[in-house]
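These notes are about the structure you will find just below.
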Amino acid sequence: MSAQIIDGNALSQQIRAQVAQRAAALTAQGLKPGLAVLLVGDNPASQVYVRNKVKACADAGLHSVLEKYEASLSEAELLARVEALNKDPSIHGILVQLPLPKHIDDHKVIEAISPDKDVDGFHVASAGALMVGETGFKACTPYGCMKMLESIGMQDLRGKHAVVIGRSNIVGKPMAMMLLQANATVTVCHSGTADLAQHTRQADVIVAAVGKRNVLTADMVKPGAVVIDVGMNRNDEGKLCGDVDYPGVKEVAGWITPVPGGVGPMTITMLLVNTMESAERAATAPQT
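Numbering (UniProt numbering) for the sequence shown: 1 to 288.
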């Protein structure tokens, strides 16, 4: 039996339609949700990502501001711009597209964003809120992965073993925390793990997020497991592919996400959800 496909494009459209309804309702009350996107330099991949984010905002009825800067922009100038946006009541989310030029400290810039507007979910305050189960913004990619699991009826992972391959601050670590919150028993594997297959063969859910082709092959997967592929790589023909050997694993897994058309669209969708939540919080916050 071939695995069932978790269609990120279809799920993404459903959630974006809900965001559009919420945005219309809030706009009718006189508050239009707003996202500011800052792009420094001319990284081609970043330009594509930013364009997609701005278009997604427009399609969902959110106000977006795209600010493009030369790679020579100083760190101090970027920090000053972030601070101005922190104070701008028309902006509910601030996104600084990474990577930044080498002379700018990514961490310093992320930490300069107000936690109330950290819709990427990268701020230390957001990571801490996730760790202790408080309200905060969830990192968009793992948040999207959780929505994909929910879409196949796996809201509660009690009694399930989940394996996360990767320990990045953007995906691996927050992914593990979200799976824990859903009651899964979680193992985090990485480049220092001795026998990856020993762990993945026991897993009911596997999330591959290391940016390495074919890190997960069919012989490493338990029949019927759910496989979420976060990877974005190129195969020998130059076509987009994930971290998972898709043709092989698809014949063993119960559910699988494709690349492209899987996790990718969900990442931008959860950015819209976070921006929407930020605007709704602003609408109900006491006036000072």
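Note that the Cβ used here is the ideal one computed from N, Cα and C, for glycine as well.
Keep in mind that this is a model prediction, so the values were computed, not measured.
Length-filtered (4 minimum) alpha helix (DSSP H) runs lying within the region 53 to 137: 75 to 86, 106 to 112, 124 to 132
Expressed to the nearest angstrom, what Euclidean distance is found between the alpha-carbon atoms of K55 and N233? 24 Å
For V19 and A60, believed in contact at Cβ under 8 Å, the rounded distance: Yes, they are in contact, since the Cβ atoms of A60 and V19 sit about 5 Å apart, within 8 Å.
Which residues bound the alpha helix (DSSP H) around G8? 8 to 28
Residues of its chain near A125, where Cβ-Cβ distance is below 6 Å and the 5 sequence neighbours each way are ignored: Once the five neighbours on either side are set aside, the close Cβ partners of A125 are P115.
Just verifying my parser: in three-state terms, what is the DSSP assignment at T185? strand
Just to confirm, is the Cβ distance from A208 to I165 under 7 Å? yes
Got a sec? Which residues, its chain only, sit under 6 Å from A36 by beta carbon, not counting five neighbours each side? V65, L85, I91, I94
If distances are taken between C-alpha atoms only, which option among P247, A45, G242 comes closest to G262? Minimum Cα-Cα distance from G262 among the listed residues P247, A45, G242 corresponds to G242.
Taking the continuous alpha helix (DSSP H) assigned at A253, which residues delimit it? Per DSSP, A253 lies in no alpha helix (DSSP H) segment and is marked neither H nor E.
Rounded C-alpha distance that separates K87 from K138: 22 Å
Taking contact to mean at least 3 C-beta pairs separated by less than 8 Å, is the region 172 to 179 in contact with the region 141 to 154? yes
Would E67 and L38 be called neighbours here (beta carbons separated by less than 7 Å)? yes
Helix, strand or coil at R234 [DSSP, three-state]: In this structure, R234 counts as strand in the three-state DSSP scheme.
How many angstroms separate the CA atom of D156 from the CA atom of A184? 8 Å
Could you tell me whether the Cβ atoms of N43 and P265 are closer together than 7 Å? no
By how many angstroms is the C-alpha of A25 removed from the C-alpha of V244? 41 Å
Spatial distance of P247 from L216 (CA atoms): 11 Å
Cutoff 8 Å; reference N231; Cβ partners in own chain excluding five residues on either side: What sits at residue 231 in the sequence shown is Gly, not Asn. Cβ neighbours of G231 beyond the five flanking positions: A208, A209, V210, G211, K212, R213, V215, C241, G242, D243, V244, V259.
Among V273, T284, R281, which has the Cα closest to the Cα of L62? V273
Same chain, Cβ closer than 6 Å to G41, five either side skipped, listed in chain order: A71, P101
Counting C-beta neighbours from all protein chains within 10 Å, is the total for D120 16 or more, i.e. buried, or is it exposed? buried
Same chain, Cβ closer than 8 Å to R16, neighbours up to 5 away in sequence not counted: Answer for R16: A56, D59, A60, T269, L272, listed in chain order.
With a threshold of 16 other CB atoms inside 10 Å of the CB of I6, please say whether the residue is buried or exposed. The Cβ neighbour count for I6, taken over all protein chains shown within 10 Å, is at least 16; the residue is labelled buried.
Return yes when the Cβ of P33 is within less than 7 Å of the Cβ of M276, no when it is not. yes
Look up A209 in the DSSP assignment and say whether it is helix, strand or coil. coil
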